Ligand code: 1GP
């Protein structure tokens, strides 16, 4: 229960953390040592691995390599059931509750369940909510779903509420990797006020200021993907790491 506990502890303590998303298509095994060196200083809470569409058959070899460094739990963030491989610490078991595609709500999960059980992965039942972020992203297209309009916080709040009532253990508000706009303050606040479970926010977070806005609106964990691949990664990572620590220290009590 290491990963569920980590998220729950963030939620109940008010502390903040960040996860990095590694797209296996973008990280050859030869680049793992350098990547892990930069991550070791920043200290992410989780390392997520996955993508909406993977074209290199690398996930199964990458995950054990990442785990060797023991920096943070390595968690599968699957775009589909094919990305369920053994060897990770756990999996965000996503149900795409913002959409109305039965394959993404329950179909892929039925296919993946026996593999997850056999692999002994820790399961984090997660309500995955795609939010319109200015332009279609791979996640929107590949999932075959309409995102929730970015200016409809009440729809997001009710969707998250339903997810919590169904027993999900976390909500992931997602603009989609490479989102033009990250999720609005109003929407994050509306979801935060509607549910007690941990809140993960990702998609299009590129600066420390953006991260701060999102944390202050109510995210417990933010996810950084693309921004780490644009050459300024160590600087941004360290800034966000320092920000998360500062906000965590300011938690009353
Ligand atoms: C995508 O939320 C993650 O699933 C990260 O998004 O790549 O835009 O940082 P970015």
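Residue numbers (the working numbering): 1 to 253. Where a beta carbon is used, it is the ideal one built from N, C-alpha and C, also for glycine. All of these numbers come straight from a predicted model, not from anything done at the bench.
Cβ-based neighbour list, residue i, same chain, cut-off 6 Å, excluding 5 preceding and 5 following
i: residue 32; result: 65
i: residue 255; result: Nothing in the structure corresponds to residue 255, since the chain is present only between 1 and 253.
i: residue 21; result: 48, 223, 225
i: residue 248; result: 15, 16
Nearest candidate by alpha-carbon position, reference residue i, set the options
i: residue 62; options: 140, 178, 43, 86; result: 86
i: residue 69; options: 96, 39, 135; result: 39
i: residue 157; options: 19, 97, 1; result: 97
i: residue 182; options: 162, 169, 224, 43; result: 224
i: residue 23; options: 77, 36, 246; result: 77
i: residue 178; options: 152, 16, 111, 131; result: 131
i: residue 75; options: 91, 81, 29; result: 91
i: residue 153; options: 141, 175, 191; result: 191
i: residue 29; options: 118, 56, 51; result: 56
Own chain, CB closer than 7 Å to residue i, minus 5 neighbours either side, in chain order
i: residue 212; result: 243
i: residue 81; result: 108, 111, 112
Pair within 9 Å by beta-carbon distance, residue i and residue j
i: residue 128; j: residue 172; result: yes
i: residue 217; j: residue 188; result: yes
i: residue 48; j: residue 6; result: no
i: residue 124; j: residue 146; result: no
i: residue 229; j: residue 41; result: no
i: residue 11; j: residue 198; result: yes
i: residue 58; j: residue 27; result: yes
i: residue 16; j: residue 209; result: no
i: residue 163; j: residue 139; result: no
i: residue 184; j: residue 161; result: no
i: residue 257; j: residue 135; result: The first residue shown for the chain is 1 and the last is 253, placing residue 257 beyond what the model contains.
i: residue 25; j: residue 60; result: no
i: residue 44; j: residue 237; result: yes
Whole-angstrom C-beta distance between residue j and residue i, which should lie under 8 Å
i: residue 133; j: residue 150; result: 6 Å
i: residue 148; j: residue 137; result: Not really, about 13 Å apart at Cβ, beyond 8 Å.
i: residue 2; j: residue 89; result: 7 Å
i: residue 166; j: residue 18; result: At roughly 27 Å, the Cβ-Cβ gap does not stay under 8 Å, so residue 166 and residue 18 are not in contact.
i: residue 53; j: residue 14; result: Actually they do not touch by this definition, with Cβ atoms about 36 Å apart.
i: residue 254; j: residue 200; result: Here the chain comprises residues numbered 1 to 253, so residue 254 is not present and cannot be evaluated.
Residues near residue i by beta carbon distance below 8 Å, same chain, minus five either side
i: residue 36; result: 66, 69, 71
i: residue 168; result: 95, 97, 125, 126, 127, 197
Residues surrounding ligand 1 [beta-carbon distance to nearest heavy atom under 6 Å]:
Chain-ordered list of matching residues: 21, 174, 177, 178, 179, 202, 203, 204, 205, 223, 224, 225, 226, 227.
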